[in-house]
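This report refers to the structure that appears directly beneath it.
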Amino acid sequence: MSLLKSVDTNPAFPPRASKALPERLIAGEPAFKTWAQDAAKGDLVHTGVWEATPGETRSIKGDTFEFCHILSGVIEITPDAGETVTYRAGDSFVMKPGFTGVWKTIETVRKIYVTVG
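Pasting the structure below:
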């Protein structure tokens, strides 16, 4: 097993499709695709590509740390009791454990993610 892993930003294999949990859906009918590409450290670290169509959901990280790099699209993230931040292609950010807020996909977004937790 190699200790170097490339992330394929346009995977040829089919994604896992999902929808927003009803209790987290705020607006629209966002659809999600996940191309999981790696798991490590006893399944605590996950890496892959994720895509979402426009809509608005509650984001709740719990004990999870997540790094995101936006490949395409536009989103707005509004932390609870915080100001809205817009991210687009080329931007990167981290949502730390305990983060809660609103994730609004303006234009279909595709991102590389690394989660720990």
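So that you can map any letter, position 76 of the sequence shown is 76 in UniProt numbering, and since no number is skipped, the others follow by simple counting.
No residue lacks a Cβ here, since even glycine has one placed at the ideal position from N, Cα and C.
These figures come from a predicted structure and were not determined experimentally.
Note the first and the last residue of the continuous beta strand (DSSP E) segment covering S6. From DSSP, S6 is part of no beta strand (DSSP E); its letter is neither H nor E.
For A39 and V45, what's the separation of their Cα atoms in angstroms? 5 angstroms
Delimiting residues of the beta strand (DSSP E) encompassing A17: R16 to K19
Assuming F67 is part of the beta strand (DSSP E), what are its boundary residues? F65 to P79
Output the distance between the C-alpha atoms of D43 and A36, rounded to the nearest integer angstrom. 12 angstroms
Give me whichever residues DSSP pairs with I60 in a beta bridge. T100
If you follow the beta strand (DSSP E) that R88 is part of, which residue opens it and which one closes it? V85 to R88
By Cβ distance, which residues of its chain are closer than 7 angstroms to R24, with the 5 residues on each side in sequence left out? T57 and R58
Going by C-alpha distance, which of G98, V74, D80 and G101 is nearest R88? V74
Measure the C-alpha to C-alpha separation of G62 and V116 and round it to an integer number of angstroms. 11 angstroms
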